[in-house]
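S.K.:
Here it is in structure tokens:
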């Protein structure tokens, strides 16, 4: 080992970063080199001065406040860090709500038509005796089984494709039923 | 003692006590480093708090390529550098405030205190990266690998920075002693 190599390694001489071979090489060189011994003494002196730089210790109360403030900030500002503690609402993508609304609307528009095509429903809807349809029980049934659709009905019942059926006479109504049956 | 990785896993699962344990584990080393950089207790505590809060708020950015400790030091060092740039200068507090109680006689303590102040001034004269390297190597006793990770440089650069910085410190201390 030459002087340049030893001077480079002296900085790490104090800790465990050097291998035992390196330390043995440095020791062997130092025993015969006064210049490097002086260098080592100077390095150790500056190291000791660096370690003499004291840091004031905060009080226990100050540490406690710091700990509390950190935990409060983390808890308040990162509510979505723990998905397991929150509802699935935050996990759904933004478009899922639009898709759900569209599906509900379609269901509201088309379900009465589909229901009307069923035989047991067509009888109850077509009441030539008083010239009106019987949509009331059907809607009541829907409200009972799925309360969530109530608001949808309140907002747009006038758009139901069954509106105006009570304006038809029995012959026209039968014609419509046959057309729908062909479909 | 539970490993950082285990505590982080528990925290990700919603366990707040894991966060408490990690804060308790790292608040003091972070504070020491911040204090040595800023020489102001309240500022150092403030940056310690900021670093820990930022770490937990952006935990998804921690990819575990380094240790959690290294990542925390990295956040803190960036904050320290920004703070120093913003301040434009480094404050030197009265040294008597921070020297530990000593059994030595007054004259010896004064000489040592004067030398310590000289070294501190010498450290503060170093460029930011060299200064950070000295602090992480000497005070935190981190490996060159960890220092390179924190300061985002190569291991060779970290070693070179430390050696250049230390040579400067030795020269300045020698010059001041002679003066």
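Chains as they are written, first to last, in the numbering used here: chain A, 1 to 183; chain B, 1001 to 1179.
Glycine residues also receive a C-beta, built at the ideal position from the N, C-alpha and C atoms.
1) Which residues of the segment 47-73 of chain A have a Cβ closer than 8 Å to any Cβ of chain B? Give them in chain order.
2) Just to confirm, are residue 1047(B) and residue 1055(B) a CB contact at a threshold of 7 Å?
3) Does DSSP put residue 1086(B) in a helix, in a strand, or in coil?
4) Could you compute how far the alpha carbon of residue 27(A) sits from the alpha carbon of residue 18(A)?
5) Taking 7 Å as the CB-CB limit, is residue 21(A) close to chain B?
6) Can you find a C-beta in chain B that's less than 7 Å from the C-beta of residue 42(A)?
7) What does the alpha-carbon distance come out to for the pair residue 25(A) and residue 1(A)?
8) Examine the Cβ distances between the segment 1130-1145 of chain B and the segment 1161-1168 of chain B and report whether three or more of them are shorter than 8 Å.
9) Is residue 53(A) helix, strand or coil by DSSP?
10) So what does DSSP say about residue 1011(B), is it helix, strand or coil?
11) Are the CB atoms of residue 186(A) and residue 1023(B) nearer to each other than 7 Å?
12) Between the Cα of residue 1066(B) and those of 1001(B), 1152(B), 1039(B), 1124(B), spot the shortest distance and give me the residue it belongs to.
13) Using beta carbons (cut-off 7 Å, strictly below), is residue 1068(B) in contact with chain D?
14) Measuring straight from C-alpha to C-alpha, what distance separates residue 1017(B) and residue 1011(B)?
15) Suppose the cutoff is 7 Å on Cβ atoms and the five residues either side in sequence are ignored; what does the same chain contact list for residue 1079(B) look like?
M.R.: A quick look at the data gives this:
1) Under the 8 Å Cβ criterion, the segment 47-73 of chain A contributes 47, 49, 50, 51, 52, 53, 54, 55, 56, 58, 62, 63, 66, 67, 69, 70, 71, 73.
2) At least 7 Å separates the beta-carbon of residue 1047(B) from that of residue 1055(B).
3) Helix, per DSSP.
4) Those two C-alpha atoms are separated by around 12 Å.
5) Not one chain B Cβ lies under 7 Å of residue 21(A).
6) It does; some Cβ of chain B falls within 7 Å.
7) Separation of residue 25(A) and residue 1(A) (C-alpha to C-alpha, rounded to the nearest whole angstrom) is 6 Å.
8) Short answer: they touch.
9) Assigned with DSSP and collapsed to three states, residue 53(A) falls in coil, not helix or strand.
10) It is helical.
11) For chain A, the structure presents residues 1 to 183; residue 186(A) sits outside this window and is missing.
12) It is 1152(B) whose Cα lies nearest to the Cα of residue 1066(B).
13) This model lacks chain D altogether; the protein chains it does include are A and B.
14) The straight-line gap from Cα to Cα measures roughly 8 Å.
15) So the list reads 1047, 1050, 1051, once near-sequence residues are dropped.
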